[in-house]
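Structure first, then comments.
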Amino acid sequence: MSFQEEWGRIRRAAEADGRTRLNSAASGSPGDGADRLVVHQEDLGQVGHEAFLLHGRLKKAGDVTRGATGDGSTATAARVLTSHNFTMGDALTTTAAIWEDQVKTLLQACAHISNHLDYSKKSHTHEDQKIAATMSHRDGRAVSTSEIAKFYE
């Protein structure tokens with residue numbers, strides 16, 4: 019079976035399912051704006067701020083090795099179980115280590131999202147200011163966004 023035949027079969031199956039769209043944009047005619055992504059500066063700021071807040075909460079709540087109160091209850095429990103020859107102690111130590119790795123991964127993702135959106139917001143603001151400074155009418159008035167959009171329709 020060639021790639022084109024297999025791809026066609028996969029697309030037909032996805033279309034019949036109704037929940038999956040492959041290689042297609044939202045319904046509507048091309049150029050009607052339905053396939054455009056619009057993001058507002060406030061949205062970027064809010065998502066970045068929420069990622070920052072989540073990072074802080076997760077850093078405190080996700081540290082099971084030290085415990086929520088800082089007493090190291092998980093590590094202590096693992097040591098006590100191991101010292102009494104329970105194999106559960108080693109399993110708990112392994113589980114805590116895996117948990118800690120997963121939390122670190124989530125913390126990195128939250129930090130990345132927050133930092134990226136902060137950068138994007140600042141970068142877009144700077145670009146908008148630069149465009150506004152270079153695009154103006156003959157009388158010096160700034161060209162509005164809607165007027166600029168007409169050039170691309």
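First residue of the sequence shown? That's 19 in the working numbering, and the numbers climb one at a time after it.
We put the CB at the ideal spot given by N, CA and C, even for glycine.
{"Asked": "Alpha-carbon to alpha-carbon, H102 and H130", "Found": "43 Å"}
{"Asked": "Residue from L110, G74, L71 and A69 with nearest C-alpha to G90", "Found": "L110"}
{"Asked": "L18 versus H67: straight-line alpha-carbon distance, rounded", "Found": "Residue 18 falls outside the range modelled here, since the chain spans only 19 to 171, and no answer is possible."}
{"Asked": "Closest by C-alpha distance to E118, when choosing among S132, K78, F70 and T163", "Found": "K78"}
{"Asked": "Straight-line gap, D136 to R75 (C-alpha atoms, nearest Å)", "Found": "19 Å"}
{"Asked": "Residues that DSSP places opposite A160 in a beta bridge", "Found": "S154"}
{"Asked": "N-terminal and C-terminal residue of the alpha helix (DSSP H) that H73 is part of", "Found": "Q59 to A79"}
{"Asked": "Which of helix, strand or coil DSSP assigns to F21", "Found": "helix"}
{"Asked": "Helix, strand or coil at G90 [DSSP, three-state]", "Found": "coil"}
{"Asked": "Secondary structure of H130, DSSP reduced to three states", "Found": "helix"}
{"Asked": "Inter-residue Cα distance where the pair is Q147 and S141", "Found": "10 Å"}
{"Asked": "Three-state class that DSSP yields for H144 in the structure shown", "Found": "helix"}
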